[in-house]
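*Asks:*
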Amino acid sequence: MSSKPTLILVMRHAEKPVDPIDPNLSEAGCARAEELASYIPEKFGPPDFIFAAAISKNSARPYETVEPLARKIGKPIDATVADQDYGALAQTLLSAPQYANKKVLVCWHHGNIPSLLRMLGCKAGDYPDPWDHTVFNLLLQVRFADASSTVEQVEEPF
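Take the sequence shown: its letters are residues 325 to 482, numbered as in my numbering.
1. In three-state terms, what does DSSP make of D409?
2. Looking at R314: is its Cβ nearer than 9 Å to the Cβ of A338?
3. Suppose contacts are defined by Cβ-Cβ distances below 9 Å. Is D453 in contact with V475 by that definition?
4. Which word fits G353, buried or exposed, when buried means at least 16 other C-beta atoms lie within 10 angstroms of its C-beta?
5. Under DSSP, the beta strand (DSSP E) around S439 begins and ends at which residues?
6. Suppose you measure from the CA of I401 to the CA of C431; what does that come to, to the nearest Å?
7. Give the straight-line distance between the Cα atoms of Q422 and D346, rounded to the nearest whole angstrom.
8. Where N436 and D470 are concerned, what is the direct C-alpha to C-alpha distance, given to the nearest angstrom?
9. Let me check understanding here. Comparing Cα to Cα, which of T416, D456 and L429 lies closest to L360?
10. Should the stretch 365-372 be called in touch with the stretch 407-416, which here means at least 3 C-beta pairs below 8 Å?
11. Classify A420: buried if its beta carbon has 16 or more other beta carbons within 10 angstroms, exposed otherwise.
12. Would L464 and L441 qualify as a contact pair, given that the criterion is a beta-carbon distance under 9 Å?
13. Drop a sphere of 10 angstroms on the beta-carbon of F482, count the other beta-carbons inside from all chains shown, and report buried for 16 or more, exposed for fewer.
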């Protein structure tokens, strides 16, 4: 039996406001977060665990993006890992027994998503690197088989 999750969904937070000082989602981002609350469980099944980059003075957007989903499926959000600590998160997800054979959702900041995927063992070229700063509607579906991983890019239909 594998010690890795069955599936890790990696996504960027939803849309941000024009004001660079505003740490919250824009109106469009809030609408996307609400859509994701239904879309993710219908498309992939409900995640067993939800992670969001820790809230900082600069951004609460990853948390705000997954909050409607967490509320809908009754799961807590782990927002204890800082954005730049993606390596520790990857190591934990790949080795901690509670994540073995589970579905995990990770919502992060776009600048560190490629590095997070590298740390998860994903091959360069299977995911956007760098992540385009205008893209908010892409989910990366990471599956593990033996010692390798596969990444499927899934575009949200909204």
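Backbone N, C-alpha and C fix where the C-beta goes; we use that ideal spot for every residue, glycine too.
This one's a predicted model, so the numbers in the text were calculated from it and none came from an experiment.
*Replies:* Concretely, from the data shown:
1. helix
2. Residue 314 is absent from the structure shown; the chain starts at 325 and stops at 482.
3. no
4. buried
5. Where S439 is concerned, there is no enclosing beta strand (DSSP E), although the alpha helix (DSSP H) it sits in stretches over I437 to M443.
6. 10 Å
7. 35 Å
8. 25 Å
9. L360 has its Cα closest to that of L429, out of T416, D456 and L429.
10. no
11. exposed
12. Yes, they are a contact pair.
13. exposed
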